[in-house]
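Here is the structure we will look at.
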Ligand code: NAP
Ligand code: ZN
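Below, the structure written as structure tokens:
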């Protein structure tokens, strides 16, 4: 087998760039505003994509506001966006899987070392040299990578996904983060028919978890702090809905869940959910609140419960998730917005007022 990593690093890298329109934040307290950014001219393995839609993830807010400072400080200007779908405009000479005119998608990752144990296991998200789509070290141009709040992006073909042709594009964009982040733990913890699955927080991630777990045949219970979301939860595929601030309703489910996925973006009591797990049940955190969460030992030891985390998913599994969504006709429920409404969208997400993902129509950037 040729050592493709060495071959890749030997390839001449050009620093020539072109200008792209984008929206960026200049500091942790700035609004996201119009700007231009450099994108690299194509290297041999690169795909250039005209971005049509970009989903708005709560991670965009965390990072624009530098709320994850202790783990991954934000470098400014920050161009967020890692739920990207678009159309290929150009490809490098070495690209074999995409051609101009194809639909294509990019998620949270744009590079990795491709040689470590995680990369060999198709788990690039855990590669020590994984490069995130924004606010990651840009190996080509220096500085940091810029994300999908932009009219175009250039990405190595290994990190570009194919989009099933039957899916609505605005609703497909959120699959690239919210979709894979929930699909991956559902697969890892073997969620199948008849398993009892809880989903905590009916936001962007949560509503995808409901759709995916339902499609896998699980019995899905949604926990929400928003009584007004109950009908939607059932429509999205839940079998039951619990308003989590009602402790009597919570107690009815004590000791009964095989698996609970926690997709809450803010501080909350995880112990209330640990107590709902059956013996050997697992709760997985995908939400990434700014502050540490308190965990009671008794919520774990009593039923040999486990508490885990999960982060996005590898490229192979992301393609598998997209294909699964193509077969089951699953997309996110989106409210399509122009880029000019992005700051308002952030404020609404902070009030849990999103049904259930904002998707930016990037055509709106043309007027800037
Ligand atoms: P979102 O759309 O804003 O949804 C979060 C939901 O959490 C809200 O809709 C709300 O649901 C619930 N919630 C909010 N504040 C709450 C509070 N104080 N107490 C209890 N529940 C509350 O966010 P998202 O985009 O789905 O992201 C969720 C979290 O996952 C974020 O922290 C994000 O950074 C993280 N994330 C992690 C990964 C990963 O790889 N692990 C990937 C993407 C995102 P209800 O109204 O139903 O209560
Ligand atoms: Zn995300």
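Numbering (the working numbering), first residue to last: 2 to 369.
Where is the CB? At the ideal position from N, CA and C, for every residue including glycine.
Counting C-beta neighbours from all protein chains within 10 Å, is the total for residue i 16 or more, i.e. buried, or is it exposed?
i, result
"residue 318", "buried"
"residue 81", "buried"
"residue 370", "This structure does not reach residue 370, given that the chain is present from 2 up to 369, and the question cannot be answered."
"residue 252", "exposed"
"residue 314", "buried"
"residue 19", "exposed"
"residue 7", "Interpretation of residue 7 is limited by its pLDDT of 38, a score under 50 that renders its predicted location unreliable; the figure taken from the coordinates is listed afterwards. It is exposed - the Cβ of residue 7 has fewer than 16 other Cβ atoms within 10 Å."
"residue 396", "Because the chain is modelled from 2 through 369, residue 396 falls outside the range shown and cannot be assessed."
When the Cα atoms are used, what is the spatial distance from residue i to residue j?
i, j, result
"residue 166", "residue 279", "40 angstroms"
"residue 265", "residue 74", "21 angstroms"
"residue 12", "residue 295", "Its pLDDT being 42, under 50, residue 12 is placed unreliably by the model, and the measurement read from it follows with that caveat. Cα to Cα, residue 12 sits roughly 49 angstroms from residue 295."
"residue 99", "residue 89", "7 angstroms"
"residue 187", "residue 17", "42 angstroms"
"residue 231", "residue 183", "20 angstroms"
"residue 208", "residue 217", "14 angstroms"
"residue 65", "residue 368", "23 angstroms"
"residue 51", "residue 196", "41 angstroms"
"residue 298", "residue 31", "40 angstroms"
Pick from the options: whose alpha carbon is nearest that of residue i?
i, options, result
"residue 263", "223, 53, 347", "223"
"residue 33", "91, 40, 25", "25"
"residue 220", "241, 234, 35, 169", "241"
"residue 79", "62, 86, 88", "62"
"residue 76", "138, 194, 184", "138"
"residue 126", "160, 243, 28", "160"
"residue 105", "256, 54, 352, 202", "54"
"residue 311", "197, 287, 323", "287"
"residue 56", "111, 205, 257", "205"
On the DSSP letters alone, give me the boundaries of the beta strand (DSSP E) that residue i sits inside.
i, result
"residue 220", "220–225"
"residue 236", "Per DSSP, residue 236 belongs to no beta strand (DSSP E); it is in the alpha helix (DSSP H), 231–237."
"residue 97", "Neither: residue 97 is in no beta strand (DSSP E) and is coded neither H nor E."
"residue 202", "Where residue 202 is concerned, there is no enclosing beta strand (DSSP E), given that its DSSP letter is neither H nor E."
For the alpha helix (DSSP H) containing residue i, list its first residue and its last residue.
i, result
"residue 346", "343–351"
"residue 60", "59–65"
"residue 111", "First-last for residue 111: 110–112, but that is the beta strand (DSSP E), not the alpha helix (DSSP H)."
"residue 340", "Counting along the chain, residue 340 falls outside any alpha helix (DSSP H), and DSSP gives it neither H nor E."
"residue 1", "Residue numbering for the chain in the displayed model covers 2 to 369; residue 1 lies beyond these limits and cannot be assessed."
"residue 206", "205–216"
"residue 173", "170–173"
"residue 196", "That residue, residue 196, is in no alpha helix (DSSP H); it is neither H nor E in DSSP."
Do we get a CB-CB distance below 8 angstroms when we pair residue i with the residues of chain D?
i, result
"residue 340", "Although the question refers to chain D, the structure presented lacks it and comprises just one protein chain."
Alpha helix (DSSP H) segments (min. 4 residues) lying fully within the segment 297–329: 298–302, 316–329
message: Please give the ranges of any alpha helix (DSSP H) in the segment 231–288, keeping only runs that are unbroken, at least 4 residues long and fully inside the region.
response: 231–237, 248–252, 272–275
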